[in-house]
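Contents: one structure, followed by commentary.
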Amino acid sequence: MHFRRAVFIYNPTSGRKRNKRERTVLRACNAMKPSVEKVHLARTSCQGEATRLAAKAVADGCDLVASCGGDGTINEAIRGMAGSDVPLLALPAGTANVLAEEVSFPVDPAKTAALLPSLVAVKVPLGRVRKRSVDESSRVFLLMCGVGVDADIVYHLNTRLKKYLGKGAYVLGSLEQFQKRKFQHFDVRINGEIHDCTFALISKSRRYAGKLIIASGAHLLARHFQVVLFHGETPLRYVGYLAQVATGTLDQFEGVTFHRTDCVELLPRSGGQVHIEVDGEYAGRLPATVETIPDALTLLLPREYVERRPSVLLRSEAVSSASRL
Numbered sequence: 018m019h020f021r022r023a024v025f026i027y028n029p030t031s032g033r034k035r036n037k038r039e040r041t042v043l044r045a046c047n048a049m050k051p052s053v054e055k056v057h058l059a060r061t062s063c064q065g066e067a068t069r070l071a072a073k074a075v076a077d078g079c080d081l082v083a084s085c086g087g088d089g090t091i092n093e094a095i096r097g098m099a100g101s102d103v104p105l106l107a108l109p110a111g112t113a114n115v116l117a118e119e120v121s122f123p124v125d126p127a128k129t130a131a132l133l134p135s136l137v138a139v140k141v142p143l144g145r146v147r148k149r150s151v152d153e154s155s156r157v158f159l160l161m162c163g164v165g166v167d168a169d170i171v172y173h174l175n176t177r178l179k180k181y182l183g184k185g186a187y188v189l190g191s192l193e194q195f196q197k198r199k200f201q202h203f204d205v206r207i208n209g210e211i212h213d214c215t216f217a218l219i220s221k222s223r224r225y226a227g228k229l230i231i232a233s234g235a236h237l238l239a240r241h242f243q244v245v246l247f248h249g250e251t252p253l254r255y256v257g258y259l260a261q262v263a264t265g266t267l268d269q270f271e272g273v274t275f276h277r278t279d280c281v282e283l284l285p286r287s288g289g290q291v292h293i294e295v296d297g298e299y300a301g302r303l304p305a306t307v308e309t310i311p312d313a314l315t316l317l318l319p320r321e322y323v324e325r326r327p328s329v330l331l332r333s334e335a336v337s338s339a340s341r342l
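Quick note on the numbering used here: the sequence shown kicks off at 18 and runs consecutively.
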């Protein structure tokens with residue numbers, strides 16, 4: 018696979034050890050050069066800028082966008098190029114790298130960039146969080162949407178702690194939230210049925226928070242979500258959930274239900290504020306509807322991951338051929 022022009026978007030403050038970020042980016046950029054005639058570096062300076070840079074790259078006729086950072090930076094780039102045929106190369110380098118764990122990318126941008134000649138371009142569905150208010154914009158996601166307990170942690174997360182502690186900031190945020198006596202309930206409508214829960218994971222990824230597997234039936238190329246609902250309301254019950262996740266027996270635990278659908282309606286209870294996160298970034302409050310958008314993004318993936326869904330491989334070959342110049 019060969020490309021003429023690529024834009025390499027990176028977040029200089031993503032993750033820890035930021036003093037090494039520029040050297041890491043240059044190594045990754047050099048690893049791409051055997052497959053790309055020209056690589057332009059585009060550095061973000063504020064939140065949301067990766068979206069603008071990705072959209073500009075598509076409008077300017079680039080035939081490849083590389084986004085280097087955590088899942089949040091990659092999500093920003095996706096928002097700028099969703100609906101286009103330009104492939105995205107996601108290079109893991111931030112605080113959270115669920116995508117890398119999910120598709121078995123090395124957690125090293127240069128090593129992942131060196132895989133470029135062997136990767137397959139595939140049209141993948143995205144998830145979309147649609148708000149009821151016309152004043153609120155929708156949010157797309159590649160990996161997952163979390164509602165309730167985990168989104169509360171993201172909402173209250175101290176951004177300065179995240180900057181300096183990385184994943185440690187999420188741990189501290191979790192401890193703070195777990196001091197509550199009870200978690201907020203809300204309603205989830207799936208296929209016409211209403212379910213009560215305190216945490217809903219609407220996922221296209223098997224992985225959660227790195228190496229944990231919660232939605233074991235999810236796949237990035239599937240046209241549906243796996244929805245995992247947690248019905249417990251106390252921190253003690255969530256300690257039990259975590260133990261079951263760690264031992265791979267969550268599906269045997271009382272108070273957790275699994276569903277498969279392409280549309281989820283999320284409704285708050287009277288007087289309650291329930292938060293939403295997408296790909297680890299805050300995305301507002303309920304009410305909302307979460308739905309799939311078929312073939313919304315062209316993503317570069319390892320062939321081994323794509324072949325777990327053989328029916329998609331033929332389509333991916335067609336996209337791959339169209340991307341070559």
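Cβ coordinates follow ideal geometry from the N, Cα and C atoms, glycine included. In this text the structure is predicted, and so the values were computed from the model without any measurement.
Beta-carbon proximity list for residue i, same chain, < 8 Å, skipping 5 on both sides
i       : result
His-241 : Arg-277, Thr-278, Asp-279, Thr-309
Cβ pair residue i, residue j closer than 7 Å
i       : j       : result
Ala-59  : Gly-97  : no
Ile-95  : Leu-159 : yes
Ser-84  : Ala-107 : yes
Gly-289 : Gln-201 : yes
Pro-109 : Thr-41  : no
Thr-315 : Pro-104 : yes
Val-24  : Ala-74  : yes
Arg-156 : Ala-300 : yes
Gln-403 : Leu-253 : Only positions 18 to 342 of the chain appear in the structure, and residue 403 is not among them; the question remains open.
Leu-143 : Ala-313 : yes
Proximal residues to residue i (C-beta, below 6 Å), its chain only, five neighbours per side dropped
i       : result
His-248 : Cys-214, Gly-272
Leu-237 : Val-141, Lys-221
Gly-257 : none
His-212 : Val-205, Leu-246
Glu-14  : With the chain represented from 18 up to 342, any question about residue 14 goes unanswered, as that position is not in the structure.
Straight-line gap, residue i to residue j (C-alpha atoms, nearest Å)
i       : j       : result
Asn-28  : Gln-64  : 9 Å
Ser-121 : Glu-294 : 24 Å
Glu-39  : Val-56  : 15 Å
Val-245 : Phe-270 : 12 Å
Pro-134 : Tyr-255 : 43 Å
Gly-89  : Ile-219 : 17 Å
Asn-92  : Arg-286 : 29 Å
Ala-130 : Gln-243 : 30 Å
Val-146 : Pro-311 : 14 Å
Contacting residues, own chain, Cβ-Cβ under 7 Å from residue i (five flanking each side not counted)
i       : result
Arg-223 : Glu-119, Ile-230, Ala-232, Ser-233, Ala-235
Val-291 : Val-164, Gly-165, Gln-201, Phe-203, Pro-285, Arg-302, Leu-303
Segment limits, alpha helix (DSSP H) that includes residue i
i       : result
Ala-98  : Reading the sequence as shown, one finds Met at residue 98 and not Ala. 88-98 is the extent of the alpha helix (DSSP H) around Met-98.
Arg-206 : Looking at the DSSP string, Arg-206 is not in any alpha helix (DSSP H); the run it does join, the beta strand (DSSP E), is 203-207.
His-173 : 166-173
Glu-324 : Looking at the DSSP string, Glu-324 is not in any alpha helix (DSSP H), and its letter there is neither H nor E.
Cβ-heavy atom distance, residue i to the ligand ATP, below 6 Å
i       : result
Val-115 : No copy of the ligand ATP appears in this structure; indeed no ligand is present at all.
Limits of the unbroken beta strand (DSSP E) element including residue i
i       : result
Cys-214 : 210-214
Pro-109 : 105-109
Arg-343 : Since the first residue shown for the chain is 18 and the last is 342, residue 343 is missing from the structure and cannot be characterised.
Leu-314 : 305-318
Ile-26  : 20-27
Phe-247 : 242-247
Just list the beta strand (DSSP E) runs in the region 117-153, keeping only unbroken ones of 3 residues or longer that don't cross its boundaries, in chain order. 137-148
To test your reading of the DSSP string, which unbroken beta strand (DSSP E) runs of 3 or more residues are found completely within the region 265-299? 273-278, 280-285, 292-295
Please give me, in chain order, every unbroken run of the beta strand (DSSP E) with length at least 3 that falls completely inside the region 41-71. Counting only runs of 3 or more, we get 53-60.
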